[in-house]
Every structure is written in structure tokens, then in C-alpha cells.
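All remarks here apply to the structure that follows.
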């Protein structure tokens, strides 16, 4: 085995909630809590940040994020709100703010091309952060849903700033204020998505594209990406911070606490 | 009558040029000069500002603006230009600037979700201010026309800044410089409109939507709206001021005075 | 001949790489190196700048740029890179930067409506500068291609800033990072183009439009255009400078030098 060639594909097993695969100059992150429809719990936020940090520094050319199973990601795991037992809500809100701010910041500052392969429905923060990706390919089964106001909450992921730029305020408000769930076609028309692929060939077709992109001159890609992003970085940091501040206030509001209590009551009544 | 329940709908009759109706947490403003195709005279500018001020402060959740009759609004009433008898044009221009600047400012700063129900053709300032609404629903009969340069004038309502953001400069210039009249579909494609409805069911379908939206948590809606707008507010104030300054110069130009004289000559010759 | 009326059309023959025609208040610049598919060499950059300078100052109302033959423009003539014999690459890069910075600046500051008539395929800088035009009409034969990363280079013409505004980052990155060639319809959908015309009637239909536009009040057009652009001018100057700085670094990189060497090898091997 000492003679065996360097493996062309390596899978990192230090993570519990994501899979990481490095192959063909591509650093691939797969959200991997399929029983929870890839909902983000605190460990998963931390592991994605750690993976993005590695991906930005290693010799890969670009980074891909996708999901295991039928969902891309069902958003923030609402059980994050109950993990402290509800005993100290201000402390819970402060901790959640700190994680969220760092998480979104790791997308704002990611130095290489970042490509989302949306393999199914996407909810909440997995939708709002899409404006920070460089390419977004989705299956025709994908939907995009950000039901913030029905939960008494407010937008994050810099979407309050980027979504109006992508689709205008009249369409962004319907999505971010009034809980409109977008089809793949509607997300494409609103510039949230680059291209739609048939579900049956989604993985094959998109990985062929990404593999081809990873052969391009890496410095040219990386520096061109940063040129496209740098004029916005200070503004995005500010937006991220203001969005997090508002969420801290929202999480402690009656509107939000009632909505989340109702969510868990409905869930229990189904058991 | 002392026992009668609190009315579910109240209509305010202190206004002469608009109707105001408060029902189901919705503050509804109806432009009401149907014989003038809802053209805006000075009193109407003032009454809309007064209504918006009230709507921002009362216990309604959101505000709707629509029009009576076949038109949404035919724009600035050109008779505003002749109301001073043409005797003191610089004074007329100064007064008109002051009204316009306050009028557009009241949209920039409106604190709750603001929804336009475009029930027919829209012209001039009733089009340019649409970028300051949160949702714009229109009937398939609607058209959108901003014939500024044919009148020797220039864009207002922050459209010189917002329209290029919505549709790109190549499409915005055709509208704001070259007098292209948009169909409902073209306005939808250019992100000026959120959704188009069949004329026959327009009022019913859109009021059903708006009524549903008004049941959402009010603080979440209001604070999320302001989050989406706050990064732009200083810039929009500056744009509003510069647009008004240019209009003062334009109103006193030969190009504009000749165009308006020709407008009234054509009108007279039809009598 | 002393009695002959002032000519309605004049053609300026002081230029070697472009044609200039002044007629019906329109200053028309035609890129005229059809054997090179209207590729831009250093003389052509200078002549276009000189023509734009004249057009901004004379009594024309608007300016049109189009191309001779089947191409609109095949981009930067790669022979510019070999014109110094490759002897002094840093000096070559410095000179090219200076020309490029002035060239793009002359579009940023152009004071009158600027209309592109894209008569065929457009490549590189002839695509990236389109965000600085006010109207872009194209034939259905047109394509839009910016293969920067395949040449180890990076975007210019303010496209790194304007393209994400026009079409969102997810679509702009595919074009500027991953070499996607756009059809006319794709360019229209991405707000790079105002309208597409059938190739057979392209020249006739677009010149009819432009001729009509040139009859509008000139001061209204010029001042409205500048109102629409002024809020962006400082930012665009900064973007232009940063794009040029990155290109200077790119032109001296191994990635770029290898790509250009391969380009000329492939060309030679075809002879």
C-alpha cells in the first residue's frame, strides 16, 4: 500500500453533518442530515464554516455545495431555538447571532468560485445565501421558500440587500415579506438561479460543467471573482450585521415566540 | 345607534381628490378624479401626502393605492403649469419643486408595506414612483408611459436611479429617455410589476391577496421592509433632490415651454 | 458649386480604422476593419476616443456605434500583445493599461445618448462596454462572448460591476468567469440588450428608431441621461481603474502568456 498512487478522490470523515469530497480540483461539500431534510443545526453551521475555510486555502480551484437526498436544505433547524430549554432567551439569541454573523461572513469573504447545486427544495437561509454564490444550478424539482414573516422573523444572508438588486423590490418583497414560494422557473426569471436541469440528469450534467470549469486558469478565476465582489464587500458586511441585529430583536419578540410555539404544537399534534 | 358595533369599514370624507377606506387592517387610498383620468393636481398631491402620513401612524398593517375608473393615474395635471396664469414662472417652478420633493419623500420614508393596484393605464409620476412600492399588481389592461423628453422634461420619483437597477440602463433609457410605452407584460419583464391579473378578476384577486398579507405579524413586516430599504434611503433622498433641481431648470426651458404650449394648442383644436 | 446647399451627410476621412458619418443630427461611428472582424488595434482605440470626443462637442443629438461586415467587433486585437515584439512586457502592459483606462473612461463620461447597433457577433471589450451605452439594439445573428478566463485574463469595461447589476451574480459569473457565449435572446433576457431585430431589416428598422430619437429635445435628452448616470460615475471610475490594474498583473502572468502563445500556435497550425 506504500506504493499506491495518491488517491484521486479523498473523503474527509472528521465531519458529522456534512460530507467533504476533494476530486478533480473541486472541493465538494454535501449537506448530510437527510432525515432532517438537511436542516442546519449549530454543529452543521460550524462544520460548513470549517470546510469553507479549508476550501479557500487548499489547492482546489472551486467549491461546490449540494445536499443529500430529496432536499437541498430545509433551513435553520427550529430545534436550535429549544436547545437551551428556553430558559435564557437573550443568551440563546446572542449565541445564535454570533453563529449566523460568522456563517454569512464566511460566504461574503469566500475567495474562490462558489457553486450551488440545488438538488431539491431550499428553505430559509439556504435560499437567502444564494446571492453570495457565483453560480447556482438547480433541478426542476427545486423550490425556494423564505417564510420569515409567517414566523415573525426577518431576512438574513444579505438577501435584504441583494434580492432587490437581483429582481427589483416589487418581486423581492413578495418573496422576503409575503412568503411566496418560488418554482425553479420563477427563481431563474428572478436571477436567483443560473440554469435549470432535468432532475434525472441533474447531477451528471452539473458535475460535467463544474469539472470543466475547474480546468480553467485558477488565478484568473479567483482574481476575477474577487474583482466582481470587492466593490460590495463593505456594504455586505454592514448588511449582514444589521440583519443579525434585527433577528436578535425578532427572536425575542412575541410575534416570533408565538409563531414558533404554534409550529411545535402543530408538529406534536401530528404525532 | 349607540349600540351599533364598531364599523368594520370606515370611509374618510375630509378628502376631495381621493377616497380613503380603512378595513381589515388595510389603509386603502383611491385616486378619485376619474374625469381627469386621476391626474394629480396640487390638492391631490397634498391629500395623498396627508393620507400616507396617517396610514404610517395608525393601526393598519399595510397601505394600498389604486384608482377610480379606467385609469390608474394620468400623471401630473398639466394645468398645474397654468394655474399661476403663467405670470411668474420661476415662482411656479419653485412651488412645484417643493411639492414634488415632499411628495416623493413621503414614499421614500413610508414605514409600512406599500402596495400598488394598477387598475389601468399609468402615466408619468404614477409610473416613476412605482420603484418605491413594495408590491405592484396590475391588470392586463395597464400600460406604463413616461413621455418626459417629448415634453422637454426629465424623470422624477427616483426613477433615474431605480429604473436602471430594475431593468438595466439599456431598457431604462428606452423608457425614461425615448418615451417607450410599456405593456403590462413588458413592465413585468422589467421588474416594475410583481404580477399581472386578468382585468375581470383584478380587484377581487388582488384584494384577496392583500387581505391575506394584512394578517401577517405587523412588526415583522414593517421591520423587514425597513431593513430592505434603509441601505438606499440616503441615496434616494439625494436622487430625489437632484431630480427636482433638474426639473426646475427644465420647467423654465424653451424646450419645455414650447412642448406644453403645443399640448394645449392640440387640446384646444380638438374642442 | 458655391451655391450648393449644405450637404445633409458628411463623411470624415481623417480616420483609418473607423468611418464617421454625420447626418440627421446623428453622429455615426462604424468600426471598419472587416478583414480583422473589426478587432481593436491601438490606432482604432485612439480613433474611437477621438470620434467620441468630437461627437460629445458638436451639434449632433446622439451617437451611434456599429460595425462593417458580418461582425460587430471581435474584441481586442491579440496582435496588440506582440506589437512590441514581446521584448519589454512590463512596458507593453503599462501602455495597454493607459489606452484601456482612457478608452473606457471616454464611454463613462460620454455626455449624449449613446446607442449600439450590434450587427453581428461581439467579443470581449465590445461586449463589456455595452453596460455604458444607453440603448443596445442587436440583430438576431448577434452573439456575445467574453472568454477572459480561457485567456488567463479578467473583465474590463466596468463589466465586473455593471453585469452583476444587470443580471445578478449567478448569471454574470457564468459570462465573465466561465466563458458562456450568449445568444441574442440570452443577452436580451440578461438586460444587456434593449431589443432584437431580424437580420434582414436590422439596419433599416434601427436607423428609423434612431432617426426618430434624434428629433427629440436635445437638452432634455442630454440632461436626463446624465441624471441617470451621475450617481454611478465615481464608482465606475474606480471600477475602471481596478479592472485595469488587475489586467496589468494578468498580462504579465504565466496563465495569460501561455494562453496567448497557444492561441497563436493554433492559428499558425491552421495556415
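Residue numbers (our numbering), protein chains in the order written: chain W, 868 to 1138; chain B, 868 to 1138; chain A, 868 to 1138. Even for Gly, the Cβ is constructed at its ideal location relative to N, Cα and C.
For residue i, the residue or residues it bridges with in DSSP
| i | result |
| --- | --- |
| residue 1004(W) | 984(W) and 1062(W) |
| residue 1010(B) | 1050(B) |
| residue 933(W) | 897(W) |
| residue 990(B) | 1012(B) |
| residue 1139(W) | Since the first residue shown for chain W is 868 and the last is 1138, residue 1139(W) is missing from the structure and cannot be characterised. |
From the options, residue whose alpha carbon lies closest to that of residue i
| i | options | result |
| --- | --- | --- |
| residue 1113(W) | 1020(W), 1127(W) and 993(W) | 1020(W) |
| residue 891(B) | 1041(B), 925(B) and 902(B) | 925(B) |
| residue 962(W) | 1136(W), 1118(W) and 1129(W) | 1118(W) |
| residue 1111(A) | 1001(A), 982(A), 1025(A) and 910(A) | 1025(A) |
| residue 942(W) | 920(W), 909(W), 969(W) and 1064(W) | 909(W) |
| residue 1014(A) | 998(A), 1039(A) and 920(A) | 1039(A) |
| residue 970(W) | 992(W), 1122(W), 1058(W) and 937(W) | 992(W) |
| residue 1079(B) | 1059(W), 1057(W), 1046(W) and 1052(W) | 1046(W) |
| residue 947(B) | 964(B), 938(B) and 989(B) | 964(B) |
| residue 1008(A) | 1122(A), 1056(A) and 937(A) | 937(A) |
| residue 984(B) | 960(B), 1010(B) and 917(B) | 1010(B) |
| residue 1066(B) | 1077(B), 1055(B), 1051(B) and 1056(B) | 1051(B) |
Chain A contact residues for residue i, given Cβ-Cβ distances below 7 Å
| i | result |
| --- | --- |
| residue 1028(B) | 1098 |
| residue 1055(B) | Under the 7 Å cutoff, chain A gives no residues; its nearest Cβ is about 13 Å from residue 1055(B). |
| residue 1072(B) | Result: empty, since nearest Cβ-Cβ is about 27 Å, beyond 7 Å. |
Exposure label - residue i; buried when at least 16 CB within 10 Å
| i | result |
| --- | --- |
| residue 1034(B) | buried |
| residue 872(W) | Because the pLDDT of residue 872(W) is 47, which lies under 50, any placement of that residue in the model is unreliable, and the number read from its coordinates should be weighed accordingly. The residue in question, residue 872(W), is exposed, as its Cβ has fewer than 16 Cβ neighbours within 10 Å. |
| residue 1041(B) | buried |
| residue 1133(B) | exposed |
| residue 922(A) | buried |
| residue 996(A) | buried |
| residue 958(A) | exposed |
| residue 1082(A) | exposed |
| residue 1073(A) | buried |
| residue 1006(A) | buried |
| residue 920(W) | exposed |
| residue 930(B) | buried |
| residue 1029(B) | buried |
| residue 1064(W) | buried |
| residue 1075(A) | exposed |
| residue 881(W) | exposed |
| residue 1027(A) | buried |
| residue 956(A) | exposed |
| residue 1131(W) | exposed |
Residue i vs residue j beta-carbon contact at 8 Å
| i | j | result |
| --- | --- | --- |
| residue 979(A) | residue 928(A) | yes |
| residue 945(W) | residue 1127(W) | yes |
| residue 1004(B) | residue 1070(B) | no |
| residue 933(B) | residue 901(B) | no |
| residue 914(B) | residue 893(B) | no |
| residue 1016(A) | residue 1036(W) | no |
| residue 1098(W) | residue 1102(A) | yes |
| residue 1001(B) | residue 1018(B) | no |
| residue 1090(A) | residue 1044(B) | no |
| residue 939(W) | residue 905(W) | yes |
| residue 1107(B) | residue 972(B) | yes |
| residue 966(B) | residue 999(B) | no |
| residue 1094(W) | residue 988(A) | no |
Partners in chain A for residue i, counting only beta-carbon separations shorter than 8 Å
| i | result |
| --- | --- |
| residue 1001(W) | 1036, 1037, 1040 and 1044 |
| residue 1106(B) | 1098 |
| residue 968(W) | The premise fails here: residue 968(W) is roughly 21 Å from chain A at the closest Cβ pair, so nothing lies under 8 Å. |
Where residue i meets chain A, residues with beta-carbon distance less than 9 Å
| i | result |
| --- | --- |
| residue 1087(W) | 1015, 1016, 1017, 1018, 1019, 1020, 1021, 1044, 1117, 1120, 1122, 1123 and 1126 |
| residue 894(W) | The contacting residues do not exist; residue 894(W) stays about 17 Å from chain A at best. |
| residue 891(W) | Residues of chain A passing the Cβ test: none, with the nearest at roughly 16 Å. |
| residue 998(W) | 1035, 1036 and 1037 |
| residue 980(W) | 1040, 1044 and 1045 |
Closer than 7 Å at the beta carbon, the chain W residues around residue i
| i | result |
| --- | --- |
| residue 1113(A) | 1090 and 1094 |
| residue 1031(A) | 1095 |
Residue i: contacting residues in chain B (beta-carbon distance under 9 Å)
| i | result |
| --- | --- |
| residue 1059(A) | 1035 and 1037 |
Neighbour list for residue i in chain B, Cβ cutoff strictly below 7 Å
| i | result |
| --- | --- |
| residue 962(W) | Those within 7 Å of residue 962(W) in chain B number zero; the least Cβ separation is about 21 Å. |
| residue 1083(A) | 1016 and 1017 |
| residue 965(W) | Going along chain B, no residue has its Cβ under 7 Å from residue 965(W), so there is no contact; the nearest lies around 19 Å. |
Closer than 8 Å to chain D by CB, residue i
| i | result |
| --- | --- |
| residue 1049(W) | Here the protein chains are W, B and A, and chain D is not one of them. |
Contacts that residue i makes with chain W (C-beta to C-beta distance below 8 Å)
| i | result |
| --- | --- |
| residue 939(B) | Those within 8 Å of residue 939(B) in chain W number zero; the least Cβ separation is about 15 Å. |
Interface partners of residue i on chain W, CB under 9 Å
| i | result |
| --- | --- |
| residue 1102(A) | 1098 |
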